[in-house]
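Q: Quick one: the structure is below, questions incoming.
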Amino acid sequence: MMQFMLLFSRQGKLRLQKWYVAHQDKMKKKITRELVTLVLARKPKMCSFLEWKDLKVVYKRYASLYFCCAIEPEDNELLTLEIIHRYVELLDKYFGSVCELDIIFNFEKAYFMLDELLLGGEVQETSKKNVLKAIAAQDLLQEECDEPKGFLEELGLTTGS
Amino acid sequence: MNMLSSIMPTPKRLRDLIREIRSARTQADERAVVQKECAQIRDSFRDTDNTYRCRNVAKLLYIHMLGYPAHFGQLECLKLIASPKFTDKRIGYLGAMLLLDERQDIHLLVTNSLKNDLGHQTQYIASLALCTLGSICSAEMSRDLAGEVEKMIKSSNAYIKKKAILCAYRIIKKVPDLMEMYIPSTRALLNEKNHGVLLTAVCLITEMCEKSPDTLTHFRKTVPQLVRILKNLIMAGYSPEHDVSGVSDPFLQVKILRLLRILGKNDAEASETMNDILAQVATNTDTSKNVGHSILYEIVLTIMGIKSESGLRVLAVNILGRFLLNNDKNIRYVALNTLLRVVNADYNAVQRHRTTIVDCLKDTDISIRRRAMELSFALVNTNNIRGMMKELLSFLENSDPEFKSDCCSKIVSATEKHSPNKRWHVDTVMKVMKIAGNYVHNDIVSIVIQLIASANQLHSYTVRQLYFLMKEDNSQQPLCQVASWCVGEYGEQLLLPPSEEDDLGMVTEEDVVKVLRKGLENNNSSVVTKEYCITALMKLSTRFSATRDMILDITSRYSSSTQAELQQRAVEYTTIFRKYDQMRSALLEQMPLMEVNRTKEAYDGDDDSTSLLDTKTNVEHNNIENIKPPASTQTESQNILDLLGDVGSSPVLPTQVPVQPMKSEPADLLSLLDDVATISSNPVTPNNVQPQGGGDNLLNDMFGSPVSNNNMMNGNSNVSAPIVAFNKNGLLIEFRCERDNDSGAQSIINVKASNTSPKPMSEFVFQAAVPKSFQLQLQSPSGNVLPPLNGGTVTQVIKINNPQKQPIRVRLKLSYSQDGNTVTEIGEVSSFPVELWQ
C-alpha cells in the first residue's frame, strides 16, 4: 500500500501531498522536509529508489516537478513508477500538456484526479478513460450547481470579469 | 465563481491569492500575505454567510500546503460536506482528507456526514464519501461504517463497487475483527469483468489472507480462478483501455501475482496449479519497457516464494541476471535487491551471475554499488575468495567513505571464514588496514591481533610487514595499534636478518624504539594508539637489550601526561622499572594465545536484535561480531592482564603471578587490550555488578565513571521527560533520555529501576540490546539490590551511538530474585522522543 505521495518542485516547494496513513501535522512536515532534501540531493544518474526508515521511496522527475511516493517493503517499486506515470498521463490529458503552473493553480483538480486513480493508497482504476470520464462528469456536476450561485451573486452584487 | 464585488469586500479569489503569494519576494513577504489572508478567512468564517465558504476553504488548503497552520478550517470543511451543493462537498471532503487528524469529537461529526453521503443517490457524492473514508478512516469510523460499506460492495455499479471494496480493505487493515463480515461478498467479486473491481478485489483478498491463516485456506480455492484471469489477460488481444506499452493491465497482473505468492506459499498443490501460468508470463512478457520488468520482478518473487519447480527457479534467477545487464539503473537495482533476498535459497543459481554482480561494484549509482557490495559478500566462498577479495579490496580503496567501515568488517569476517591459508589471511587483513585504515572498526583491531597471534609461523613475517607499514605511515590508527601490539610482542624477531624474499632491509633496536616513540608523540595519534605504543615500548624493554634506558626515559616522561590513562600506564611502567625490576621480564612475557568465542549469530546477521539478547555478555553490540572471553575458565593470560591493571593500586599482588591463578574478571581481557577508547564498561554479569575494592575493575571504573559524570555535569539541556520502559510486578524501569551535546549521534539513557513491591529484589540485572545500526554501551549499574516499597533505586547509564540517526529501539532483558525465585522479563521500548536522534 502506498503510504503517501508528495509532489514538489526542484526548489523543494511542496505542490501536492496525499497521505494514506495518519500522522500528526508536525510529523508530516518533518517527513516531507526530510524526503525533499534527500531526493533533491540525488544526482540524475542515480536510480529512482531510496530506502528510508522501513519504507521504500520511489521518485521520478517530470520537467520541474518531482513525484515521490513511499511504499511498503512488499510493494513493487517498478510498478510504482508506472503508477506515477499513469498519474502524469492523466494530468496531461486533463490539462492538455500539463506543467507545474497548472498544478499550482488547480491543485484541487490534481487532488481530484489522484482520488479517482488511487483510493486508500491502492490503485482503484486501471483504465485511463474511466478516470477521465469520472472527472469530467464531476466537473459538469460542479458547473451545474455553480450556476445558480453565480446568478445569486449577480442579484446581490455587481459583477466583474 | 468569477465574480468580484465593488461594494462589499469580496474575498480574494483563490487564483489571485496564489498569484499574490507567488509574487512575494521574501519569506517574510509571503508570511505577511498569508497572515493577512488567514485573518480575513477567520473573519468570514465567523459570519454565518456561507457564500464564500467554499472559496475560503480552498484558499486555506493552499495555505496549508505551504506549511502554515490551517486547523481552524476543520469545522468549515464539515459544514461544506453538509452542504447540498456538489462543489461544496467536493472541496469539503478534500479539506477533510487534508486537514483532519484523528481527533475524536470532529471524527464523530465526519462519521455522520459520511453515513448520509454513502447512501446518496448521486454516485459521485457517494464516491466522495467512500474516498474520504478510505483515506482517513479511524478504528471508530471503521466500526461505525463497516455495514454501509458492505452493502455498497454488493452494488451493481462498478464505479461504487470498486471504491467500496478498497474501503473494506482499509477497514480490515484498521480493525481486522471486521473481516468476517466481508468474506461472503468477496469471493463472488472474482467473477466480475470490470478491471477496477477485479483489481480492488484481489487487493482485499490479499489483505485478508495476510491477516488470517484461516481465510488464507479459504481463498486457496480461488487459485484456478486467479490463474484463469491472468491467462485471459496475457492471451487476450490488444485492449487499448488497459494496455501499458504493450502489456495488458500490468497493475492487475502484479496484484494477482502477489496474491498467488501468498496462496502458493508452503502449499504444493496450489503451487502446482500456478506453475504453468507463471512460466507463461515469465516467457511471454514484453521486456522492452519498465512496465514489463515490473511484472517479471513480481513473478520472480512469486516463483521464489512458492513451492515451484527447480527449472522455474533457475528461470527466475536468470531473469534477474538479465536485469543486471539492463541499461536502466532502476532495473539493475531491483535485480540486486532481489538476488540478495533469494541468495540463500538458490545459492548456486545466483553464483552463476557473480561476474555481473561484481561489475556492479563499479556502477555510477551509489545505491547500486551498495547492493552490489552486500551481494558480493554473500557470494564469497572458499573457492572464489581470492578473486572476490581482489575485487572487493579495490572497491574498498575507491569506495565512498560511508561504505568503508562496513566493507572492512565484512572483508575481515569473510576472510576469517574462507581464507585458503593463514599467510593469505594475514596479508589480506593487513591490506585492509592499510587501505581503509581509520575506517576500520575498533573491534577489528582485536580480531586482527587475535589472528596474528594465532599464526605462529608468521610472526616474524607479520611483525616486519607491520613495522614497515607503520614506519611509512603512522596516521592510520588501527594499523598503528596492531603494529605496536605486534612489535611489542614479537619485537625481537624484527632484529633477525631478513629472509631473501624480503627486501625491506635491516632493523635496529633504536629504529624500532624511534618508530614507537613517533607514534607516541604524534599529535594525530589517538589516545588508544598512544597506549598501545607505550605498552609496546614497555614490552620491548625485555626483548631488547640496548635500549632499556631509552625506553625508561620515554615512559617516565609520560608520567605527567594529561591523558589519565596514558599517565597511569606510564606511572605503572616506571614503577615496574624502579621497584620491581626483577619481575619485569616475567611480567612482560609474550601473551599466550587468546581464546576467542565468536557468537555465530552475529555473522549470520539476522538483522534482529532478539538473538543477541540471549547471550549474556553482549553489551557492545556492533556490526561486527562480539567477542566473548571464556566465561569461567581462568587462564594465566587473564591474570597477567589483570596484573598490569593492578600494579598501580596494589603492588603486592605481582609476586604471585604469573604462576598462580587468582580470582579475576575474565571479561576484562579484551577491553584492556583494545577497547580502552570505547570506554566500554564491563559486561553486566551478576558477579561484577558491584565492583569490589580497588581490584579487578580498576580500569573499567577509571574509564566508566569520569565519562558518566561528565555527562551529568555538562548540563545537557536535552534531557527529556522520563519514559516508563517497564512496569510489571512492582519493578519499574524509567528511562531519562538526553542527547550528547558534543557528538550529535550519541544518545544517553539514564536508567532508573525501582521496586514498589513489598519484598526486596536482589541480583537485579538489567541488559539491553539494539538493532545493528546502533552501537550500545552499557555502563556499570549502581548496585544490584532493589529495596522494597520504593526504598531505593539502581541506576545505570546506557549510551547509544546512532550514526544513521534512526529511530531508537531498545530491547530489555531484566532478571532478579525475589523470595528465592529468579524472575526474567523481556521488554521492548521504542517510544523515545524523536529529538533524541533528529
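Protein chains in written order, with my numbering: chain A, 37 to 197; chain B, -13 to 824.
The beta-carbon is built from N, C-alpha and C at its ideal position, and this holds for glycine as well.
May I have the straight-line CA-CA distance separating Leu52/B from Gly48/A, to the nearest angstrom?
A: Answer to the nearest angstrom: the Cα atoms are 11 Å apart.
Q: With which residues is Gly477/B paired in a DSSP beta bridge?
A: DSSP output for Gly477/B lists no bridge partner at all.
Q: Between which two residues does the beta strand (DSSP E) harbouring Asn304/B extend?
A: Taken as a continuous stretch (DSSP letters only), Asn304/B belongs to no beta strand (DSSP E), being part of the alpha helix (DSSP H) at Ser296 to Leu310.
Q: On a Cα-Cα basis, can you pick out the residue from Ile352/B, Asp349/B, Ser395/B and Asn384/B that is closest to Phe363/B?
A: Considering only alpha carbons, the answer is Ser395/B.
Q: Express the C-alpha separation of Leu175/B and Pro210/B in angstroms, rounding to a whole number.
A: Approximately 14 Å between the Cα atoms of the pair.
Q: What does the Cβ neighbour count give for Trp823/B, buried or exposed, with the cut at 16 atoms within 10 Å?
A: Under this definition Trp823/B is a buried residue.
Q: Quick one: list the residues of chain A neighbouring Asn715/B, beta-carbon separation under 7 Å, in chain order.
A: Chain A residues near Asn715/B: none, gap ~33 Å exceeds 7 Å.
Q: Output the distance between the C-alpha atoms of Met82/A and Glu126/B, rounded to the nearest integer angstrom.
A: If you take the alpha carbons of Met82/A and Glu126/B, they lie about 43 Å apart.
Q: Compute the distance between the beta-carbons of Val344/B and Glu377/B, then report whether it is under 8 Å.
A: Contact flag set, yes.
Q: Are the Cβ atoms of His445/B and Gln479/B separated by less than 8 Å?
A: Yes, the pair counts as a contact, with Cβ atoms nearer than the cut-off.
Q: Hey, out of Pro819/B, Glu495/B, Lys714/B and Arg8/B, whose CA is closest to Cys723/B's CA?
A: Comparing Cα-Cα distances from Cys723/B to each of Pro819/B, Glu495/B, Lys714/B and Arg8/B, the minimum goes to Pro819/B.
Q: Can you tell which of Asp489/B, Ala265/B, Thr97/B and Ala522/B has its C-alpha closest to the C-alpha of Leu841/B?
A: Limits of chain B in this structure are -13 at one end and 824 at the other, which puts residue 841/B out of reach.
Q: Would you mind listing the alpha helix (DSSP H) stretches within the region 203 to 262 of chain B that are 4+ residues and don't spill past its ends, in chain order?
A: Listed in chain order, the complete alpha helix (DSSP H) runs (minimum 4 residues) inside the region 203 to 262 of chain B are 209 to 221 and 236 to 250.
Q: For Tyr476/B, tell me which candidate among Glu487/B, Gln463/B, Ala441/B and Glu486/B has the shortest Cα-Cα distance.
A: Considering only alpha carbons, the answer is Ala441/B.
Q: Is it true that the CB of Phe143/A sits closer than 8 Å to the CB of Leu50/A?
A: No; because the gap between Cβ atoms is not below 8 Å, this pair is not in contact.
Q: In the DSSP output, which residue or residues are listed as bridge partners for Asn741/B?
A: DSSP output for Asn741/B lists Leu717/B as bridge partner(s).
Q: Can you find a heavy atom of the ligand SAM that lies under 7 Å from the Cβ of Cys181/A?
A: Looking for the ligand SAM in the displayed structure turns up nothing, as the structure carries no ligands at all.
Q: Could you work out which residues of chain B lie near Tyr95/A, taking near to mean beta carbons separated by less than 8 Å?
A: Neighbours of Tyr95/A on chain B: none; closest Cβ ~11 Å, over 8 Å.
Q: Once you ignore the five residues that flank Val167/A on each side, which residues in its own chain have a CB closer than 8 Å to its CB?
A: The residues are Leu126, Met149, Glu152, Leu153 and Glu161.
Q: With distances taken between CB atoms, is the gap from Lys745/B to Pro774/B smaller than 8 Å?
A: It is a contact, given that the beta carbons lie within the stated cut-off.
Q: Using a cut-off of 7 Å between C-beta atoms, extract the partners of His279/B located in chain A.
A: Chain A residues near His279/B: Leu114.
Q: Buried or exposed: where does Phe58/B fall if 16 or more other Cβ atoms within 10 Å of its Cβ makes it buried?
A: Exposed, by the Cβ-count rule.
Q: Chain A partners of Pro236/B, CB-CB under 7 Å?
A: Going along chain A in sequence order, the residues near Pro236/B (Cβ under 7 Å) are Leu115 and Glu118.
Q: On the DSSP letters alone, give me the boundaries of the beta strand (DSSP E) that Thr779/B sits inside.
A: Element bounds for Thr779/B: Thr779 to Asn787.
Q: From the DSSP output, in three-state form, read off Met38/A for me.
A: Of the three classes helix, strand and coil, the one that applies to Met38/A here is strand, per DSSP.
Q: Going by DSSP, what residue range makes up the alpha helix (DSSP H) through Gly78/B?
A: Per DSSP, Gly78/B belongs to the alpha helix (DSSP H) from Phe72 to Leu85.
Q: Where does Ser733/B fall in DSSP's three states?
A: It is a strand residue.
Q: When DSSP builds the beta bridges, which residues end up paired with Arg534/B?
A: In the DSSP output, where bridge partners are listed per residue, Arg534/B has none listed.
Q: Going by Cα to Cα distance, which pick from Leu85/B, Leu365/B and Gly813/B is closest to Asn330/B?
A: Measuring from the Cα of Asn330/B, the nearest candidate turns out to be Leu365/B.
Q: Please name the residue, chosen from Asp163/B, Leu104/B and Lys179/B, that lies closest to Lys149/B on a Cα-to-Cα basis.
A: Residue Leu104/B is the option with its Cα nearest to Lys149/B.
Q: If you compare alpha carbons, which of Ala68/B, Glu255/B and Thr73/B is closest to Lys176/A?
A: Reading off the sequence shown, one finds Leu at residue 176/A, where the question assumed Lys. The residue with the shortest Cα to Cα distance from Leu176/A is Thr73/B.
Q: Applying a beta-carbon distance threshold of less than 7 Å, which residues of chain A neighbour Tyr72/B?
A: It is worth fixing the name first, because residue 72/B is Phe in this sequence and not Tyr. What Phe72/B touches in chain A: Leu177, Gln178 and Cys181.
Q: Taking only the alpha-carbon atoms, compute the straight-line gap between Leu490/B and Gln443/B and give it to the nearest angstrom.
A: Each residue's alpha carbon lies about 19 Å from the other.
Q: Met38/A CB to nearest chain B CB: under 8 Å?
A: Not one chain B Cβ lies under 8 Å of Met38/A.
Q: Measure the C-alpha to C-alpha separation of Asn787/B and Phe750/B and round it to an integer number of angstroms.
A: Each residue's Cα considered, the two are about 25 Å apart.
Q: How long is the line joining the alpha carbons of Val188/B and His228/B, rounded to whole angstroms?
A: Answer to the nearest angstrom: the Cα atoms are 17 Å apart.
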